[in-house]
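Everything below concerns the one structure shown next.
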Amino acid sequence: MEINELKPRTGADVLSTYDGGLVITDNFVGGPVGKAKLMDYGIFIICTAGRAQFEYDGQTIQLCPNDLFLFMARSVMDKFMSSADFNCRTVWFTRGEMWDMNMYGKNGLTDLIALKQHPKVSLTESDYTKLDTYFQLLCQHLRNNTSGAGREIILSLFSTFILEIVSIMRRNYSSASAVKSNPGSGKLHGKLLAEKFVELVEQNEGKIRRVEDYAQMLNVTPKYLSKLLIKTMSRKPSVIIAFFTMRAIENRLRFTDMTMQQIADELNFSSASSFGKFAKEHMGMTPLEYRKKYNENPSL
Numbered sequence: 037m038e039i040n041e042l043k044p045r046t047g048a049d050v051l052s053t054y055d056g057g058l059v060i061t062d063n064f065v066g067g068p069v070g071k072a073k074l075m076d077y078g079i080f081i082i083c084t085a086g087r088a089q090f091e092y093d094g095q096t097i098q099l100c101p102n103d104l105f106l107f108m109a110r111s112v113m114d115k116f117m118s119s120a121d122f123n124c125r126t127v128w129f130t131r132g133e134m135w136d137m138n139m140y141g142k143n144g145l146t147d148l149i150a151l152k153q154h155p156k157v158s159l160t161e162s163d164y165t166k167l168d169t170y171f172q173l174l175c176q177h178l179r180n181n182t183s184g185a186g187r188e189i190i191l192s193l194f195s196t197f198i199l200e201i202v203s204i205m206r207r208n209y210s211s212a213s214a215v216k217s218n219p220g221s222g223k224l225h226g227k228l229l230a231e232k233f234v235e236l237v238e239q240n241e242g243k244i245r246r247v248e249d250y251a252q253m254l255n256v257t258p259k260y261l262s263k264l265l266i267k268t269m270s271r272k273p274s275v276i277i278a279f280f281t282m283r284a285i286e287n288r289l290r291f292t293d294m295t296m297q298q299i300a301d302e303l304n305f306s307s308a309s310s311f312g313k314f315a316k317e318h319m320g321m322t323p324l325e326y327r328k329k330y331n332e333n334p335s336l
């Protein structure tokens, strides 16, 4: 079955930054039909009314009022259905927004795995009120983004908003782990191995891209590593490697004046053309087009 790419909608009631890196909606308008995949966006979804159910990378998710759900990039949603009165708020964000705030540095690598395993949390009244305050402030500043400091204010608010959400979700999955974990089982070993893999990939910044090399570092077979990552993170090792490789590429394109050949050499691509092909496959544009986009719009 064909998998459709899920993208934020547009309209007068949709608020977004100039480049579309952050998009906010306050009302639900239809749901995906069939399988839908996020590519470059992640979504925070807060259910405000009604009920919804869908499959998320094989997990069955049910949303009720005050439930918070994190739909991560490269994940697949299927079999979506909802009650007639279902409504929700959505906050869409791209990798670029996360890099600008250095969110992946502020949050531990364990969170990348745990947030994938525990994507939903029921908000307390206090949690909901706190997130509602940030949501309303973000909406206000996105509507009136006219001052020179508007972009920085929006990023600051969004950064705090995400940190609050991660703190709430971390509290949730920490409690779940305390109940379910069994130090004598193989589950703990698998979780630690998955975390170590992610740590190694991030440290290497895309300079090592072969699954076999990481398997050797971890003293396991590539087949075992692949099965483990699919089980713990619903991701193939190659997808995780590509994720951090793109982080390294985007940082160099946006924040340095390195040439394409210099970036290719530093990240161990065989040539500038192979580097360009890899980048275009994952960004939808050539490295030069990507750099030009941000040079022409430095406030993005």
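Read in order, the letters of the sequence shown correspond to residues 37 to 336 in the working numbering.
All C-beta atoms, glycine included, are put in the ideal place defined by N, C-alpha and C.
Remember, it's a predicted structure, so these values are computed and weren't measured experimentally.
Three-state secondary structure (DSSP) at residue i?
i	result
Gly141	Summary for Gly141: the model assigns pLDDT 45, below 50, so the residue's position carries little reliability; its value from the coordinates is reported in the next sentence. Note: Gly141 maps to helix in three-state DSSP.
Lys43	coil
Tyr77	strand
Tyr92	strand
Lys115	strand
Asn206	The sequence given here has Arg at residue 206, not Asn. Correct three-state label for Arg206: helix.
Ser158	strand
Leu167	helix
Ser274	helix
Asn102	coil
Asn255	coil
Tell me which same chain residues have a C-beta within less than 6 Å of the C-beta of residue i, skipping the five on either side of it?
i	result
Arg288	Met294 and Ile299
Ile39	Lys71 and Lys73
Kindly list the residues whose CB is nearer than 8 Å to the CB of residue i, restricted to its own chain and excluding five residues on each side of it in sequence; keep chain order.
i	result
Val275	Arg110
Asn123	Asn63, Phe64, Cys83, Thr84, Ala85 and Gly86
Asp121	Ala85 and Gly86
Met108	Leu74, Gly78, Leu151, Lys152 and Pro155
Short of 7 Å in beta carbon distance, which residues of its chain neighbour residue i, apart from the five on each side in sequence? Order them along the chain.
i	result
Asp163	Ile204
Cys100	Cys83 and Arg87
Asp93	Ser111, Val112 and Ser270
How should residue i be labelled, buried or exposed, when 16 other C-beta atoms within 10 angstroms of its C-beta is the threshold for buried?
i	result
Tyr250	buried
Tyr326	buried
Val69	exposed
Met117	exposed
Arg125	buried
Phe314	buried
So residue i and residue j are in contact, right, with Cβ under 8 Å, and what is the actual spacing, rounded?
i	j	result
Leu104	Val157	5 Å
Note to self: I want to know whether the stretch 88-104 touches the stretch 51-61 - three or more CB-CB distances under 8 Å.
What the structure shows: The stretch 88-104, when compared against the stretch 51-61, does not touch it at the 8 Å Cβ threshold.
Notebook entry, point to check: With contact counted as at least three CB pairs below 8 Å, one residue from each stretch, are the stretch 226-241 and the stretch 276-285 in contact?
Noted result: Taking a contact to require three or more Cβ pairs closer than 8 Å, the stretch 226-241 and the stretch 276-285 qualify as touching.
Notebook entry, point to check: Okay, do the stretch 280-287 and the stretch 240-247 touch, 3+ Cβ pairs below 8 Å being the bar?
Noted result: Counting Cβ pairs under 8 Å, three or more are found: they touch.
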